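*Asks:* Okay, here's the structure, questions in a sec.
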Amino acid sequence: MGLSGHCLCGAVKYTVDAEPLIVAYDHCDDCQRQSGSTYSLVVVVPKDKLKIDGTTKSFAGKGSSGNAVHRVFCPECGSPIAHDPDAAPEIIAVKAGTLSTEDKKKLKPDTEIWTISKLPFCQEHLEKPFKNMPE
Numbered sequence: 389m390g391l392s393g394h395c396l397c398g399a400v401k402y403t404v405d406a407e408p409l410i411v412a413y414d415h416c417d418d419c420q421r422q423s424g425s426t427y428s429l430v431v432v433v434p435k436d437k438l439k440i441d442g443t444t445k446s447f448a449g450k451g452s453s454g455n456a457v458h459r460v461f462c463p464e465c466g467s468p469i470a471h472d473p474d475a476a477p478e479i480i481a482v483k484a485g486t487l488s489t490e491d492k493k494k495l496k497p498d499t500e501i502w503t504i505s506k507l508p509f510c511q512e513h514l515e516k517p518f519k520n521m522p523e
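Read left to right, the sequence shown gives residues 389 to 523 (our numbering).
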C-alpha cells in the first residue's frame with residue numbers, strides 16, 4: 389500500500405513504503421500542545437521506510453522514558469510532520485493529518501495511547517486504551 393503526505397504549504401513531502409504498525413489516538417500532553425487540539429492521530433511506521441523530501445526542523449523534548457522525542461515540522465508553515473522517539477529508534481509516528489486525503493480516508497485507528505492525559509470531555513474511541521505507551 390504505502391502512504392504519502394505533505395505539510396500545509398507543500399515544502400515538505402514524504403512517502404512511507406510500508407503499512408502502518410499502529411494507528412493511534414495519542415492523548416499525551418506534548419501532542420496536545422503540538423497539534424493545538426485535544427489529541428493527535430498518529431500513524432506509527434518503521435523509520436527506515438519513511439522518506440522525507442524538503443527541509444525540516446525539529447524540536448527535542450524529553451519523553452517519559454527520559455530520552456528525547458524529536459518533533460519534526462516544516463520550518464515554512466509550521467505543520468507537524470512526525471515525532472521521532474529516541475526510546476524506540478526503529479519507529480516514527482507520522483502525524484495523520486498530513487497524509488494525502490486518500491490515505492486519511494483509509495485509516496482505521498486501532499490504539500488509544502496516553503489516556504492518562506486524556507481530557508475529561510473527550511469521548512472514548514476504543515475499548516482497550518493504554519494509560520501510557522503499549523509495551
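Each residue gets a CB set at the ideal place from its N, CA and C atoms; glycine is no exception. None of the values given here were measured: they were computed from a predicted structure.
Could you name the residues of the same chain whose beta carbon sits closer than 7 Å to that of W502, not counting the 5 residues immediately before and after it, in chain order?
*Replies:* Here the set comprises D414, H415, C416 and N520.
*Asks:* I'd like the list of long-range same chain contacts for T426, defined as Cβ closer than 7 Å, with 5 residues on each side in sequence excluded.
*Replies:* Q420, L507 and C510, listed in sequence order.
*Asks:* Taking only heavy atoms of the ligand FMN into account, decide whether any of them is closer than 7 Å to the Cβ of A412.
*Replies:* Absence of the ligand FMN is noted for the structure shown, with no ligands found whatsoever.
*Asks:* Mind listing, in chain order, the continuous beta strand (DSSP E) runs of no fewer than 3 residues lying wholly within the region 448-504?
*Replies:* Runs of the beta strand (DSSP E) inside the region 448-504: 456-461, 468-473, 479-483 and 499-501.
*Asks:* Let me make sure I understand the geometry here. Which of S467, C397, K483 and H458 has the alpha-carbon closest to that of A475?
*Replies:* Answer by Cα proximity: H458.
*Asks:* With a threshold of 6 Å on Cβ separation, who are the neighbours of P434 within its own chain once the five nearest residues in sequence on each side are excluded?
*Replies:* The answer, listed in chain order, is A406.
*Asks:* Could you tell me which of A448, I469 and F447 sits nearest to A399, measuring between CA atoms?
*Replies:* That would be I469, whose Cα lies nearest to the Cα of A399.
*Asks:* Measuring CA to CA, which of V460, I410, E478 and S505 is closest to K437?
*Replies:* Ranking V460, I410, E478 and S505 by Cα distance to K437 puts E478 first.
*Asks:* Mapping DSSP to helix, strand and coil, what is K439?
*Replies:* Strand.
*Asks:* DSSP on S446, reduced to helix/strand/coil?
*Replies:* Three-state result, S446: strand.
*Asks:* By Cβ distance, which residues of its chain are closer than 7 Å to C395, with the 5 residues on each side in sequence left out?
*Replies:* C462, C465, S467, I469 and T486, listed in sequence order.
*Asks:* Can you tell me whether DSSP reads D405 as helix, strand or coil?
*Replies:* Of the three classes helix, strand and coil, the one that applies to D405 here is coil, per DSSP.
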